[in-house]
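Oh and the sequence shown: position 322 is 376 in my numbering, straight run, nothing missing.
Okay, structure first, notes after.
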Amino acid sequence: MSEMIQYKCPCCNGAIEFDSTAQKMKCPYCDTEFETETLKQVDEALSAEGDELDWASSEQSEWTQDGMMLYSCTSCGGELICHETTAATFCPFCNNPVILSGRLSGQLRPDLVIPFKLDKEAAKKALFAHLKGKTLLPSAFKDQNRIDEIKGVYVPFWLFNANAEAHMRYHATRVHTWSDSRYIYTKTSHYMLVRNGNLSFANIPVDGSSKMDDDLMESLEPFDFSQAVDFQSAYLAGYLADKYDVDKDACQGNANTRLKSSTEQKFYSTTAGYASVIPENTSVKLSDSSVRYALLPVWILNTTYKDKKYTFAMNGQTGKMVGDLPMDTGKFWGWLLGLTAGIAAVAFGLWQLAGLF
Ligand SMILES: [Zn+2]
Ligand SMILES: [Zn+2]
């Protein structure tokens, strides 16, 4: 019963990783490829151990004072210090991928995973392109070394399914205006609009990690859940992964708010064609709700510039990129000056033309 998994290549004993291009496990040393399915037995053995493993982990590994855990690397014997939420990482000494099975089994075992589709090169390219168009960006920010720090992370999400039964009543108006030689007439008609119906929602994601910014994670959506597969820890080899630290009950409130406001928006969208529509009574009842635990792929770059933190993130499946950018004031003024110089030149050209005629 081991707490730490390292998938070793049977040909050369190198540490194998998930290859997002081949969608297979691949040995980076001898290029041998393996189906993830063949590593399933490891997971099956682990899920059979399940809760027992959880229980055993607190005895087997050493806790440090600040909630960190010590492990020794099965490849090089080096000592790893991991945060209590870490589920997959790299050995800092030999750089081999490490999976901490205790954070992925029993109650903590994810139901689904969307494997990475875009590799680090693609992420770096996309980030570079994203930064390139931003003429006001300090050049230090576009530094290749900084871009190299981008990391592939499986972020824990809760996926909510539910049915929403909605009863809506709106007060709507239509306004008609006409005039004759003496008066302007306005006729306002009042309507009571009633909408009833059911909507069913599938896979509404809510971020289960307190470390991740919720707004940033929401802006990475949508993910294509038709490509989600049953969880296997082999998919995590070569990436970072965290287990959830916000449980599904704590996320339920968030999910319900999201489901209700989506339902309200959907129904509101059926009331087009009026001058005004005001909801007077809205009732949304949720039923048949269920939840699954999933790990979703995100490329993340955290960086500090002039004591401020910036985060860029890319959906590891679709390539959608989000993030905030710092502004270099020196560059901004230069840009503004360039702009006003341009305007002055145009004005001068016009004046010249005017003088000709
Ligand atoms: Zn090999
Ligand atoms: Zn090591």
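Beta carbons are placed, not taken as given, at the ideal position from N, Cα and C, and that holds for glycine.
Task: Within 8 Å, strictly: CB atoms of residue 370 and residue 345 - done: no
Open item on the list: Taking contact to mean 3 or more Cβ pairs, one atom from each stretch, closer than 8 Å, check whether the stretch 147-156 and the stretch 329-343 are in contact.
Closed with: no
Open item on the list: Assuming residue 340 and residue 308 are in contact, meaning their beta carbons sit under 8 Å apart, how far apart are those beta carbons, in whole angstroms?
Closed with: With a Cβ gap of about 13 Å, residue 340 and residue 308 do not count as contacting.
Open item on the list: Restricting to Cα atoms, I'd like to know which of 156, 207, 198, 182 is closest to residue 167.
Closed with: 207
TODO: List the residues that DSSP assigns as beta-bridge partners of residue 205.
DONE: 354
Open item on the list: Are there any heavy atoms of ligand 1 lying less than 7 Å away from the beta-carbon of residue 81, as far as the coordinates show?
Closed with: yes
- [ ] Grab me the residues of residue 224's own chain with a C-beta within less than 7 Å of its C-beta, minus the 5 sequence neighbours each way, in chain order.
- [x] Closer than 7 Å at Cβ, skipping near neighbours: 247, 325, 331, 332, 333, 334.
Open item on the list: Can you tell me which residues fall inside 6 Å of ligand 3, judged by beta-carbon distance to its nearest heavy atom, and keep chain order?
Closed with: No copy of ligand 3 appears in this structure; the ligands present are ligand 1 and ligand 2.
Open item on the list: Between the stretch 208-216 and the stretch 180-193, can you find at least three pairs of beta-carbon atoms closer than 8 Å?
Closed with: Verdict: no, contact absent.
Task: Sheet register partners of residue 243 (DSSP bridge) - done: Bridge pairing for residue 243: 228 [DSSP].
Task: Identified DSSP bridge partners for residue 154 - done: 58
- [ ] Can you have a look at residue 319 and say buried or exposed, based on whether 16 or more other CB atoms are within 10 angstroms of its CB?
- [x] exposed
- [ ] Tell me whether the beta-carbon of residue 359 lies closer than 8 Å to the beta-carbon of residue 192.
- [x] In contact: residue 359 and residue 192 (Cβ atoms closer than 8 Å).
- [ ] Pick helix, strand or coil for residue 349, following the three-state DSSP scheme.
- [x] strand
TODO: Return yes when the Cβ of residue 270 is within less than 8 Å of the Cβ of residue 365, no when it is not.
DONE: Yes, they are a contact pair.
Task: Nearest-angstrom beta carbon gap, residue 172 and residue 478 [assumed within contact, 8 Å] - done: Since the first and last residues shown for the chain are 55 and 411, residue 478 lies out of range.
TODO: Look at the alpha carbon of residue 95 and the alpha carbon of residue 290, and state the distance between them as a whole number of angstroms.
DONE: 16 Å
Open item on the list: Considering only the alpha carbon of each residue, which of 262, 274, 327 lies closest to residue 306?
Closed with: For the set 262, 274, 327, the Cα lying nearest the Cα of residue 306 is the one of 262.
- [ ] Quick one: residues in its chain with C-beta nearer than 7 Å to the C-beta of residue 356, no 5 flanking neighbours on either side, listed in chain order?
- [x] 363, 365
Task: Ordered list of beta strand (DSSP E) runs contained in the stretch 262-319, each at least 3 residues - done: 294-296
TODO: Report the residue from 59, 279, 162 whose alpha carbon sits nearest the alpha carbon of residue 301.
DONE: 162
Task: ligand 1 heavy atom lying under 7 Å from the CB of residue 136 - done: no
TODO: Quick one: using the 10 Å Cβ neighbour count with 16 as the cut-off for buried, is residue 134 buried or exposed?
DONE: Burial call: buried.
Task: Cutoff 8 Å; reference residue 264; Cβ partners in own chain excluding five residues on either side - done: The residues are 299, 300.
Open item on the list: Taking DSSP's pairing of strands, which residues face residue 359 in a bridge?
Closed with: Answer by DSSP bridge pairing, in chain order: 362.
Task: Under 8 Å between C-beta atoms of residue 64 and residue 71 - done: no
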